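A.B. asks: Going by the working numbering, the sequence shown opens with residue 8, and the numbers climb by one from there.
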Amino acid sequence: MIKLVASDLDGTLLQGGAQKLTPRAVELIHELTQKGIHFVAASGRQYDNLRRLFDEIKDEISYIAENGSICVHQGTVISRTTIADDLAARIIAEIKRQAHFEIVLSREDSCFIENHDPAFVNHIVNVMKNTTQIVEDVSKVEGPILKIAVCNMKDGVHIIDKYLKYLQDMFGDEIKVVTSGNLWIDFIAPGSNKGTALQDLMSLFNIKPEECMAFGDQYNDVEMLQLAGTSYAMSNAAPGIAYYSTYVTDSVEEVLEDLAAEPDF
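#1: Could you tell me which residues DSSP puts in a beta bridge with glutamate 109?
#2: In the DSSP assignment, find the unbroken alpha helix (DSSP H) run with glycine 202 in it and report its ends.
#3: In angstroms, rounded to a whole number, what distance separates the CA positions of glutamate 121 and lysine 147?
#4: Does the Cβ of glutamate 230 have 16 or more other Cβ atoms within 10 Å, making it buried, or fewer, making it exposed?
#5: Between which two residues does the alpha helix (DSSP H) carrying aspartate 55 extend?
#6: Tell me, to the nearest whole angstrom, how far the beta carbon of valine 142 is from that of isoleucine 110; I am working on the premise that it is less than 8 Å.
#7: Give me whichever residues DSSP pairs with serine 238 in a beta bridge.
#8: With three or more C-beta pairs closer than 8 Å as the rule, is the segment 93-111 touching the segment 56-65?
#9: In chain order, what residues of the same chain lie with their CB nearer than 8 Å to the CB of alanine 126, ignoring the 5 residues before and after it?
#10: Where does glycine 150 land, buried or exposed, given buried means 16+ other C-beta within 10 angstroms?
#11: Taking only the alpha-carbon atoms, compute the straight-line gap between glutamine 225 and aspartate 271 and give it to the nearest angstrom.
#12: Count the other CB atoms, across all protein chains shown, that sit within 10 Å of the CB of glutamine 53; report buried if there are 16 or more and exposed otherwise.
#13: May I ask you to report which of helix, strand or coil DSSP gives serine 146?
#14: By Cβ distance below 8 Å, which residues in the same chain neighbour glutamine 81 in space, the five residues on each side in sequence not counted?
#15: Can you tell which of Asp257, Gly24, Val259 has the C-alpha that lies nearest to the C-alpha of valine 134?
#16: Confirm, please, whether the CB-CB distance from isoleucine 9 to leucine 174 is below 8 Å.
#17: Are the Cβ atoms of asparagine 227 and isoleucine 195 separated by less than 8 Å?
#18: Assign glutamate 261 to buried or exposed, taking buried as 16 or more other Cβ atoms, counted over all protein chains shown, within 10 Å of its Cβ.
#19: If you compare alpha carbons, which of Asp116, His107, Asp17, Thr139 is closest to aspartate 124?
#20: Given a cut-off of 8 Å on the beta-carbon distance, is the pair isoleucine 77 and alanine 48 in contact?
#21: Taking aspartate 55 as the reference, which of Arg31, Lys201, Arg114 has the closest Cα?
#22: Nearest to leucine 11 by CA position, among Ala245, Thr237, Met241, is which residue?
#23: Since aspartate 193 and serine 187 are thought to touch, with beta carbons under 8 Å apart, how far apart are those beta carbons, to the nearest angstrom?
#24: Grab the span of the alpha helix (DSSP H) containing threonine 40 for me, first residue to last.
Structural data, given as structure tokens:
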């Protein structure tokens, strides 16, 4: 019997660049929570952003934000992992050597960006609707830092893939460096990922892996997909993600429909 459902957002529950949940998705998640099934929004997005996204049911669900760096249930932080100041400084300095790469520095209270590319600023502030502070130099922002994200909106996916390998070779021994969507590279705080955060929630709720269901589409979802007894990779997921999942699906909502329809015991 499934007692917990954890889902990635962008590219998974949110398809085609959508920035709003469908009314049916909200309704299904509410139905599941009413049946006593925990729902966890598990995303690279910030906690504030997720609360706004799930506004109608925000107090019914739990949150894994910043790719697992912070995990929150009913307003209480269950776990939090940060990037050491020295490591963060070295990562930022390296990224600043490259053209066309924008940095999002995530702290618990806000994310921080620079005002170089109007399209990028618009995406963060007005499209994603992050809690954001625009600063002259992100390297001057004081920690603790939960996550560093790198975006390239100009040069396309092939540049991201090439730069990912470069950054992994440079920093991979110290921090996990993964893709998070087609245009993003994320530096995830050492020792944390969506899987470790999900394990913290499972321990809190006394739930076993076989009682969990998870959905994802990118390499930042791998540990979560591996942990859950039943897992789904999206049919349009990044190459190789299906290897880590039990099933492949075109639609999270279709799977949730079936789960919601199962009789209570």
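The C-beta atom is built at its ideal place from N, Cα and C for all residues, glycine as well.
None of these values were measured; they are calculated from a predicted model.
C.D. replies: Straight from the coordinates:
#1: Residue pairing by DSSP places glutamate 109 opposite Cys158 in a beta bridge.
#2: Counted as a single uninterrupted DSSP element, the alpha helix (DSSP H) harbouring glycine 202 occupies residues 201-212.
#3: One C-alpha to the other measures close to 11 Å.
#4: Buried.
#5: Looking at the DSSP string, the run of the alpha helix (DSSP H) that includes aspartate 55 is 54-60.
#6: 10 Å between Cβ atoms; not a contact.
#7: Beta-bridge pairing links serine 238 to Ala221.
#8: Result no; under three Cβ-Cβ pairs closer than 8 Å.
#9: Sequence-distant Cβ neighbours of alanine 126 in its own chain, meaning closer than 8 Å and more than five residues away, are Met160.
#10: Looking at its Cβ environment, which holds fewer than 16 other Cβ atoms inside 10 Å, glycine 150 is exposed.
#11: Rounded to the nearest angstrom, the two C-alpha atoms are 32 Å apart.
#12: Of the other Cβ atoms in all chains shown, 16 or more fall within 10 Å of the Cβ of glutamine 53; this residue is therefore buried.
#13: Under the three-state reduction of DSSP, serine 146 is assigned to helix.
#14: Excluding residues within five positions, the ones whose Cβ falls inside 8 Å are Asp66, Ser69.
#15: Among Asp257, Gly24, Val259, the Cα nearest to that of valine 134 belongs to Gly24.
#16: Not a contact, by the Cβ cut-off of 8 Å.
#17: The beta carbons of asparagine 227 and isoleucine 195 sit closer together than 8 Å.
#18: Burial call: exposed.
#19: Closest in C-alpha terms to aspartate 124, from the list Asp116, His107, Asp17, Thr139, comes His107.
#20: With respect to alanine 48, isoleucine 77 sits apart: the two C-beta atoms are not nearer than 8 Å.
#21: Minimum Cα-Cα distance from aspartate 55 among the listed residues Arg31, Lys201, Arg114 corresponds to Arg114.
#22: Considering only alpha carbons, the answer is Thr237.
#23: Taking the Cβ atoms as the reference, aspartate 193 lies roughly 4 Å from serine 187, within the contact range of under 8 Å.
#24: First-last of the alpha helix (DSSP H) with threonine 40: 30-41.
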